[in-house]
Amino acid sequence: MSRPVLQVVAASTRPGRRGIAVARWVQRLAEAHGAFDVELVDLAEVGLPVFDEPNHPRLRQYVHDHTKRWSATVDRADAFVFVTPEYNHSFPASLKNALDYLSAEWADKAAGLVTYGGVSAGLRASSALKPVLGALRVHTVPEAVSVPFFAQFLDEDDEFVPNAELEAGGKAMLDELARVTTPLRTLRAA
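Residue 578 is where the sequence shown starts when you use this note's numbering, and the numbers rise one by one after that.
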């Protein structure tokens, strides 16, 4: 069996966003971890309009090319790390929209959460995101990374430079994702 595909999903799409640096750090960390083939999926580049399919996603009767491309992207993944800021005690609309576009493509796959923000470290975004993922049958691992006052970890080139605790948390999350991804692949194949 080939190595599982882990998609690091960068949720923020706004101009001037700095959270893409967090997603790139997660990508590098996952590549160094070695258990996955890693893809960075930047929702700003995916560029989905507000959900515009006439049929319910569970039918997989997509009429728009952007949806067909998005379906193929998510379909090839075995696991995800959602990297999201906290907006107004929740996660951004761009991520909710991307999740709502599809149904079966998400099911029986594992996900880790990396949140960032100010004093809350994005924890309210995580709390809001988990029930949505659960409804899509995405299995969220308990190990997660929450980055408080994330701008303190950006260097002069806007590279994310984590401390030892964030690195250890990221490794623990990837270890757990690796542990559960293979059984979920087997479940999906059955």
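Each residue gets a CB set at the ideal place from its N, CA and C atoms; glycine is no exception.
Alpha-carbon to alpha-carbon, residue j and residue i
i	j	result
Gly694	Thr759	32 Å
Leu710	Asp619	18 Å
Arg580	Ala684	19 Å
Leu713	Val623	20 Å
Val696	Val586	23 Å
Pro739	Ser671	25 Å
Ala675	Thr650	11 Å
Asp774	Leu690	In the structure as shown, the chain starts at 578 and stops at 767, and residue 774 therefore has no counterpart that could be examined.
Ser703	His633	26 Å
Ala741	Val757	25 Å
Gln729	Leu743	13 Å
Leu617	Thr692	16 Å
Phe726	Leu754	26 Å
CB contact below 9 Å: residue i versus chain B
i	result
Asn665	Absent here is chain B; the protein component of the structure consists of one chain.
Collapsed DSSP secondary structure at residue i in the structure displayed
i	result
Pro662	strand
Leu713	coil
Phe727	helix
Val585	strand
Val599	helix
Val757	helix
Contacting residues, own chain, Cβ-Cβ under 6 Å from residue i (five flanking each side not counted)
i	result
Ala773	The structure shown has nothing for residue 773, since the chain only spans 578 to 767.
Thr717	Ala688, Lys707 and Leu710
Whole-Å CB distance - residue i paired with residue j, under 8 Å assumed
i	j	result
Gly747	Val724	Contact flag wrong, Cβ pair sits at about 10 Å.
Phe561	Ala588	Outside the displayed range of the chain (578 to 767) lies residue 561, so it cannot be described from this structure.
Asp652	Glu682	5 Å
Met750	Val722	6 Å
Leu583	Val658	7 Å
Contact set for residue i: own chain, Cβ-Cβ below 7 Å, skip 5 residues either direction
i	result
Asp735	Arg595 and Ala598
Tyr639	Glu630, Lys645 and Ser648
Glu733	none
Near the ligand MN: residue i beta-carbon under 8 Å from a heavy atom
i	result
Pro669	Ligands are entirely absent from the displayed structure, and the ligand MN is therefore not among its contents.
Contacts around residue i, its chain only, beta-carbon distance under 8 Å, and the 5 residues preceding and following it disregarded
i	result
Glu608	Val615
Gly611	none
Pro626	His643
Practice item. Taking only runs that begin and end inside the region 615-699, name each unbroken alpha helix (DSSP H) of 4 or more residues, in chain order. Key: Assignment of alpha helix (DSSP H) within the region 615-699, counting only whole runs of 4 or more residues, yields 620-623, 642-652 and 670-677 in chain order.
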